[in-house]
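Colleague: Residues in the sequence shown are numbered from 9 upward in steps of one, following this note's numbering.
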Amino acid sequence: MSLDATVVCVWLMSGFDRPLHYRLPSSMEEQAEPGSLVRVPLGRRQTIGLVVEKDCEPDLPLMQLKLVLELVYPVPVMTPALLRLGSWLRQYYGASIQNVLETMIPGPVRQGMKAKQEKYVSAVKSVESEVLAALEKKAPKQFELYQFIAGQFRPQKKSLVLSRLSASPAAYTGLLKKGLILEEARKVERVAYDDELGDVEYATKQEIVLNEEQAACYESIAESVRAGKFTTHLLYGVTGSGKTEVYIAAMEEALKAGKSVLFLVPEVALTPQTVGRLRSRFTEHKDAHAVVWHSSLSDGERLDAWMALANGTARVVVGARSAVFAPLRNLGLVIVDEEHEPAFKQDETPRYHGRDVAVYRSFLENVVCVLGSATPSLESYRNVKRGKYKLDTLTKRIDDRELPMMHVVDMRIEMMRTRKPVTISTLLAEKLRDRWEKGEQSILFINRRGYNSTMLCTECGHVEECKHCSVPMTFHRSDNTLKCHLCGHEADPPWKCPECNSGAIRGKGSGTQRIEDVVKSILPRANVVRIDTDTMGKKHLFREILGDFRKGKIDLLVGTQMIAKGLDFPNVTLVGMVDADLSLHVPDFRANERTFQLLVQVSGRAGRGDLAGEVVVQTFTPHAEPIQFARRGEVDAFLEVEIESREQFQYPPFRHLVRQVFRSRNADKAVFFAEQFARKVEARMAGKIEMRGPTPCAVEKMKDQYRFHIWYFTQNVSGLMRELKAVEAEVPLPKDVVQIFDVDPMSVS
Numbered sequence: 009m010s011l012d013a014t015v016v017c018v019w020l021m022s023g024f025d026r027p028l029h030y031r032l033p034s035s036m037e038e039q040a041e042p043g044s045l046v047r048v049p050l051g052r053r054q055t056i057g058l059v060v061e062k063d064c065e066p067d068l069p070l071m072q073l074k075l076v077l078e079l080v081y082p083v084p085v086m087t088p089a090l091l092r093l094g095s096w097l098r099q100y101y102g103a104s105i106q107n108v109l110e111t112m113i114p115g116p117v118r119q120g121m122k123a124k125q126e127k128y129v130s131a132v133k134s135v136e137s138e139v140l141a142a143l144e145k146k147a148p149k150q151f152e153l154y155q156f157i158a159g160q161f162r163p164q165k166k167s168l169v170l171s172r173l174s175a176s177p178a179a180y181t182g183l184l185k186k187g188l189i190l191e192e193a194r195k196v197e198r199v200a201y202d203d204e205l206g207d208v209e210y211a212t213k214q215e216i217v218l219n220e221e222q223a224a225c226y227e228s229i230a231e232s233v234r235a236g237k238f239t240t241h242l243l244y245g246v247t248g249s250g251k252t253e254v255y256i257a258a259m260e261e262a263l264k265a266g267k268s269v270l271f272l273v274p275e276v277a278l279t280p281q282t283v284g285r286l287r288s289r290f291t292e293h294k295d296a297h298a299v300v301w302h303s304s305l306s307d308g309e310r311l312d313a314w315m316a317l318a319n320g321t322a323r324v325v326v327g328a329r330s331a332v333f334a335p336l337r338n339l340g341l342v343i344v345d346e347e348h349e350p351a352f353k354q355d356e357t358p359r360y361h362g363r364d365v366a367v368y369r370s371f372l373e374n375v376v377c378v379l380g381s382a383t384p385s386l387e388s389y390r391n392v393k394r395g396k397y398k399l400d401t402l403t404k405r406i407d408d409r410e411l412p413m414m415h416v417v418d419m420r421i422e423m424m425r426t427r428k429p430v431t432i433s434t435l436l437a438e439k440l441r442d443r444w445e446k447g448e449q450s451i452l453f454i455n456r457r458g459y460n461s462t463m464l465c466t467e468c469g470h471v472e473e474c475k476h477c478s479v480p481m482t483f484h485r486s487d488n489t490l491k492c493h494l495c496g497h498e499a500d501p502p503w504k505c506p507e508c509n510s511g512a513i514r515g516k517g518s519g520t521q522r523i524e525d526v527v528k529s530i531l532p533r534a535n536v537v538r539i540d541t542d543t544m545g546k547k548h549l550f551r552e553i554l555g556d557f558r559k560g561k562i563d564l565l566v567g568t569q570m571i572a573k574g575l576d577f578p579n580v581t582l583v584g585m586v587d588a589d590l591s592l593h594v595p596d597f598r599a600n601e602r603t604f605q606l607l608v609q610v611s612g613r614a615g616r617g618d619l620a621g622e623v624v625v626q627t628f629t630p631h632a633e634p635i636q637f638a639r640r641g642e643v644d645a646f647l648e649v650e651i652e653s654r655e656q657f658q659y660p661p662f663r664h665l666v667r668q669v670f671r672s673r674n675a676d677k678a679v680f681f682a683e684q685f686a687r688k689v690e691a692r693m694a695g696k697i698e699m700r701g702p703t704p705c706a707v708e709k710m711k712d713q714y715r716f717h718i719w720y721f722t723q724n725v726s727g728l729m730r731e732l733k734a735v736e737a738e739v740p741l742p743k744d745v746v747q748i749f750d751v752d753p754m755s756v757s
């Protein structure tokens, strides 16, 4: 054995919670690098691991180290910067290495899935006539198959040849054994370069001329890209101001310099036109394929897309939050569109925020990061105020189009006038009729699925709740069932109140199904389509509906937050927000910010073409600050007022919040261990942090688990997480009690 054998440090994919050391055989010395996947022995079995360090000090004598068995892929599946990012994720979010690896590397890659191959067949041309004559006489099926293959100009798929002639595998094998045909294996490309999500808007290549504001923003970002240093820009532009064109111009700057680009969106399925625009604009960059990364990809597509990025075949990736870990080579620009969106927050450990990880990855790779929004998050806004981010602004819509006029309807007055519950106000109904008669399109938004939000007994006040969660069941009239939107439990709606046996149990509140019915009664001849998770079960249906809406086949869309952002339809001149109070009156310090963002984003769907737009907002609290600021379009003023309020109470972004949740089927156990943990933390960190709790979560019971949480306020997350992980080791939990850490949570329910 060579005394100078190379030793590598390997993290295993099999849940082994510490790194192991192995020797590299000489045949792998040059190819195996940090970030490479390798197959290694572990006891009597084999497993796959990730090389995180090369030429490291072994933890055992060299003679006792086992050899790496195989290099799974010819190129590393993670870059050195991604390895450093993984270490930061572990430290900042308090996650195990197993959780981090599962989050950063797609399942098919972690499992060592091989690339798909297709067999192609061609005929040997120089075959003697006597051989063919004998073949025709003795094996006519083989002769017929040979004649067909020999008649092709190029090699053909084996499967296609056999199906076309209805030939048997035996005839094919016979020709192969006789040496009359040749077989070769070719790799099948399954990368989503030409993803169908872009079919909704696949515009032809056209020269885009940036207006004065766009050009100024582009030049600011391009200057940073050319400088090649870490800089974060906040591109703050009103809805319809052309932020996407600025993104694309900046991306072209990076691509011309030979760099790669990472483009994050809240949800790829909600921004089909972005994919189409990118695809049409980058046709001249033949080596800059844009990989689309989203949850609908098959395992094979995920593998091939990941490897295309790892080997440099693709230089642009467009995707949701998990695309932030794409193994792009020579990264030059990172873009996060709609950076304020809660969808960028992962709800499984590690509970990372895609925007924050994007900024930190940009820092590690010393590249430019652009955060874009019409309603910036308070975190980004404060970073601008502190001078950490550069601010680029777009104050006008493209072609000086007017921002939509917002009408606020006080539903208290509406109900007093009609003396009954009102779903669609008189003003909104009139404007819906007017738009339909003019041949214009409308969108109605309500962030609640189902027909009625609750089943309530008007006699005793009983509300039908889910037996697994402490939330009311929602009535769905389409299949006449009560459903829990947290756990999916279904039940038949009661005919009588289970508590008082009264027949006065009724559905209360409105969801998308009820709005759809009401609108159809107002516009009986209009084509009204509902979009929510209940109707979007069929694959590609969302894309098809948006395509029909763009073509004018649909007059009115009714939907949840699926249609609140990312949609650009020039013929939409009216947007209605049916219940603006849904996100306002929730126990969350971000309620005002969320409501304001939602109002501005929803209203931004109107008037994006040549026709002016209007917005109707229905609310029971018309004087609430978010509604009034949104009505006047005063984003800066709202941000100033809200940030002043946050500073007063020292809520984020002035301090970081870490939320720890304990859950168990036994409520007493959950609260007992939460209290034990809290006492330990208080003893270790008295005076260093502010701690609140443990208290029941806003939704105390979810999926039969009782939930209690502790809040920690701190200026130093990494230091706090080290202490919390130390306490975690001192307070062993029984198997039926689970605790999770959520750093910088986007929801506190």
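Backbone N, C-alpha and C fix where the C-beta goes; we use that ideal spot for every residue, glycine too.
Let me know if V117 comes out buried or exposed under the rule of 16 or more other beta-carbons within 10 Å of its beta-carbon.
Modeller: Burial call: buried.
Colleague: Whole beta strand (DSSP E) runs in the stretch 109-174 with 3 or more residues, listed along the chain?
Modeller: You should have 125-131.
Colleague: Check whether the stretch 27-43 and the stretch 58-65 touch, using three or more Cβ-Cβ pairs below 8 Å as the test.
Modeller: Taking 8 Å as the limit for Cβ pairs, the verdict is that the stretch 58-65 does touch the stretch 27-43.
Colleague: Give every residue of the same chain whose Cβ lies closer than 7 Å to the Cβ of L111, excluding the five residues on either side of it in the sequence, and list them in chain order.
Modeller: For clarity, residue 111 is Thr in the given sequence; the question names Leu instead. If we look at T111 and ignore the five residues flanking it on each side, its Cβ neighbours are P358.
Colleague: Grouping DSSP H, G and I as helix and E and B as strand, with all else coil, what is D408?
Modeller: DSSP places D408 in helix when its eight states are reduced to three.
Colleague: Taking three-plus beta-carbon pairs below 8 Å as touching, is the stretch 122-129 in contact with the stretch 89-101?
Modeller: Short answer: they don't touch.
Colleague: Span of the beta strand (DSSP E) holding L399?
Modeller: Residues K398 to L402.
Colleague: In its own chain, which residues sit with a C-beta less than 7 Å from the C-beta of Q222, not counting the 5 before and 5 after it?
Modeller: So the qualifying residues of the chain are G250, E253, V254 and L402.
Colleague: Pull up the distance between the alpha-carbon of S726 and that of D644, whole angstroms please.
Modeller: Taking the straight line from one Cα to the other gives about 32 Å.
Colleague: Unbroken alpha helix (DSSP H) runs of length 4 or more, entirely within the stretch 406-442: which are they?
Modeller: With a minimum length of 4 residues, the continuous alpha helix (DSSP H) runs that stay inside the stretch 406-442 are 419-426.
Colleague: Taking the alpha carbon of S134 as the reference point, which residue from T181, I189, L399 and E152 has its own alpha carbon closest?
Modeller: Here the closest residue by C-alpha is I189.
Colleague: Quick one: grab the DSSP three-state call for D207.
Modeller: Legend: pLDDT at D207 = 44, less than 50; position of this residue unreliable, no value from coordinates given.
Colleague: Should V479 and C492 be called a contact, given that it needs their Cβ atoms to be closer than 8 Å?
Modeller: Yes, they are a contact pair.
Colleague: If you follow the alpha helix (DSSP H) that R359 is part of, which residue opens it and which one closes it?
Modeller: Note, R359: premise wrong, no alpha helix (DSSP H); not H, not E.
Colleague: In or out: K267 buried (at least 16 other Cβ within 10 Å) or exposed?
Modeller: Buried is the call here.
Colleague: Using the rule of at least 16 other Cβ atoms within 10 Å of the residue's Cβ for burial, across every protein chain shown, is R53 buried or exposed?
Modeller: Exposed: under 16 other Cβ atoms inside 10 Å.
Colleague: In the DSSP assignment, find the alpha helix (DSSP H) that holds D644 and state where it starts and stops.
Modeller: From DSSP, the alpha helix (DSSP H) with D644 extends over V643 to F657.
Colleague: Classify E622 as helix, strand or coil using the three-state DSSP reduction.
Modeller: Strand.
Colleague: Which residue marks the beginning of the beta strand (DSSP E) containing E37, and which one marks its end?
Modeller: Segment: none, E37 is in no beta strand (DSSP E) and carries neither H nor E.
Colleague: Which whole-angstrom value is the C-beta distance of F453 and G615, which I expect to be below 8 Å?
Modeller: Contact doesn't hold; Cβ gap of about 15 Å is too wide.
Colleague: Where does D587 sit, in a helix, a strand or coil, going by DSSP?
Modeller: Looking at D587 - three-state DSSP - the assignment turns out to be coil, as it is neither helix nor strand.
Colleague: Do you know offhand how far L58's Cα is from L28's?
Modeller: Cα to Cα, L58 sits roughly 10 Å from L28.
Colleague: Report the CB separation of L270 from A334 in whole angstroms; it is logged as a contact under 8 Å.
Modeller: Correct: roughly 6 Å between the Cβ atoms.
Colleague: At the level of alpha carbons, what is the spacing between R692 and K711?
Modeller: Distance between the alpha carbons of R692 and K711 is about 33 Å.
Colleague: W19 bridges to which residues according to DSSP?
Modeller: The partner list for W19 (beta bridge, DSSP) reads L58.
Colleague: So, are the CB atoms of V745 and F685 less than 8 Å apart?
Modeller: Their beta carbons are not under 8 Å apart, which means V745 does not touch F685 by this criterion.
Colleague: Helix, strand or coil for S388? Go by DSSP, reduced to three states.
Modeller: Helix, per DSSP.
Colleague: Suppose you measure from the CA of Y805 to the CA of C225; what does that come to, to the nearest Å?
Modeller: In the structure displayed, the chain extends from 9 to 757; residue 805 sits before or after that span and is not available.
Colleague: Given this structure, state the Cα-to-Cα distance separating T520 from G584, to the nearest angstrom.
Modeller: Roughly 13 Å separates the two Cα atoms.
Colleague: Check whether the Cβ atoms of Y397 and S385 lie closer than 8 Å to each other.
Modeller: Not in contact: Y397 and S385 (Cβ atoms no closer than 8 Å).
Colleague: Just how far apart, CA to CA, sit G340 and G248?
Modeller: Their Cα atoms are separated by approximately 26 Å.
Colleague: Quick one, which of S104, P69 and L70 has its alpha-carbon nearest R26's?
Modeller: Comparing Cα-Cα distances from R26 to each of S104, P69 and L70, the minimum goes to S104.
Colleague: To which residues does DSSP link C377 through a beta bridge?
Modeller: The partner list for C377 (beta bridge, DSSP) reads T240 and V342.
Colleague: If I follow the unbroken alpha helix (DSSP H) through R98, where does it start and stop?
Modeller: It spans P88 to Y101 - the alpha helix (DSSP H) in which R98 sits, taken as one unbroken run.
Colleague: Give every residue of the same chain whose Cβ lies closer than 8 Å to the Cβ of E738, excluding the five residues on either side of it in the sequence, and list them in chain order.
Modeller: Result list for E738: K688, in chain order.
Colleague: Quick check on Q569: buried or exposed, where buried means 16 or more other Cβ atoms within 10 Å of its Cβ?
Modeller: It counts as buried.
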